[in-house]
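Chemist: First the structure, then my questions, so here it is.
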Amino acid sequence: MDQAAEPRWITLGHPSYVWRYGQDRRLALIQRYAPLENRWILDVGCGIGTYVRKFRDFSEHVFGIDVEHERVAEGARSLPHLLVGEAEVLPFKDETFDVILLNEVIEHVRDDAQTVADALRVLRPGGRLIIYAPNRLYLFETHGIYLGRRYVFRLIPLINWLPDIVRRRFCPHVRAYTTRDIRRLLEGQPAKIIHHGYVYPGFDNIVARHHTAGRVLRSICYALERTPLQCFGLSHFVVVERVPARSTKLAGPSSYR
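If you count the sequence shown from 1, you need to add 32 to reach this note's numbering.
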């Protein structure tokens with residue numbers, strides 16, 4: 033496939049379209065580190081607003097932003113406060129939100145460091161930035177690969193364990209992160225890491241097809257999250273707290289508050 037003419041979902045990924053066990057579990061982890069009741073919440077890369085809808089069970093001050101017009105339009109049929117925009121230049125004033133979610137987003141954006149920086153800009157001091165991002169040590173690449181110009185969407189083992197220069201040949205469309213990569217994104221930012229762990233998949237499709245085997249697999253992998261083997265999980269789970277800064281960056285276009 034010619035990468036210049038590729039479907040946008042290859043580079044932008046698929047957002048959460050339905051709410052299942054995996055999403056419920058991620059929400060529970062968010063709640064463990066970030067109060068949601070009556071908070072100002074922003075979901076960056078919201079897709080059709082699946083997490084926005086769930087966050088509205090806790091607060092009416094929930095916003096979502098996504099670069100894909102079609103996804104935002106679909107979500108906006110039943111949800112307020114969904115906007116089209118880029119993660120690198122958020123259309124909000126400084127220190128607007130208490131909680132910001134980047135759920136499997138930074139691997140797809142043009143500039144991941146700028147995305148994190150602008151999220152921190154619009155986060156209040158003491159607020160929490162939640163990041164889920166692909167783990168370089170996970171056994172499989174879940175976003176497909178390129179074989180020359182041909183895109184292949186399958187679970188491909190060990191691609192992410194290859195050296196950077198080799199991995200980029202197979203995966204020019206998506207990033208995966210080491211612990212060092214995550215920490216580099218936060219260098220020089222008014223932030224401190226409250227928690228850095230890993231999550232294994234929800235295995236929802238496997239459980240739906242093979243209920244007992246899927247639940248056993250799920251239990252084993254979730255037990256691994258409490259051991260050093262958590263480092264081989266599907267995604268990083270990072271909770272970042274915004275700390276006061278002596279100076280703030282220039283704000284982007286302001287739409288709210």
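For each residue, glycine too, the CB sits at the ideal point set by N, CA and C. Fair warning: this is a prediction, and the values are worked out from it, not measured in the lab.
Span of the alpha helix (DSSP H) holding VAL145?
Modeler: Sequence inspection shows Ala at residue 145; the Val mentioned does not correspond to that position. That run of the alpha helix (DSSP H) goes 144–153.
Chemist: CB of ILE191 to nearest heavy atom of the ligand PLP: below 8 Å?
Modeler: Looking for the ligand PLP in the displayed structure turns up nothing, as the structure carries no ligands at all.
Chemist: Between which two residues does the alpha helix (DSSP H) carrying VAL248 extend?
Modeler: 243–256
Chemist: Could you give the DSSP three-state label for HIS46: helix, strand or coil?
Modeler: Coil at HIS46, not helix or strand.
Chemist: Kindly list the residues whose CB is nearer than 6 Å to the CB of GLY54, restricted to its own chain and excluding five residues on each side of it in sequence; keep chain order.
Modeler: GLY234, ASP236
Chemist: Look up HIS205 in the DSSP assignment and give the residues it is bridged to.
Modeler: Per DSSP, none; premise fails for HIS205.
Chemist: Sort ALA66, VAL99, TYR49, ASN70 by Cα distance to ILE80 and report the nearest one.
Modeler: TYR49
Chemist: Report back the beta-carbon spacing between PRO353 and GLU127 to the nearest angstrom; my notes put them in contact at under 8 Å.
Modeler: Here the chain comprises residues numbered 33 to 289, so residue 353 is not present and cannot be evaluated.
Chemist: Which value, in whole angstroms, describes the spacing of the CA atoms of ALA223 and PRO39?
Modeler: Straight across, the Cα-Cα distance linking ALA223 with PRO39 is about 36 Å.
Chemist: Do you know offhand how far TYR170's Cα is from ALA208's?
Modeler: 9 Å
Chemist: Determine whether the beta carbon atoms of LEU44 and VAL99 lie at a separation below 9 Å.
Modeler: Yes, the pair counts as a contact, with Cβ atoms nearer than the cut-off.
Chemist: Suppose the cutoff is 7 Å on Cβ atoms and the five residues either side in sequence are ignored; what does the same chain contact list for VAL94 look like?
Modeler: These residues qualify, in order along the chain: ILE73, VAL84, PHE87, ARG88, HIS113.
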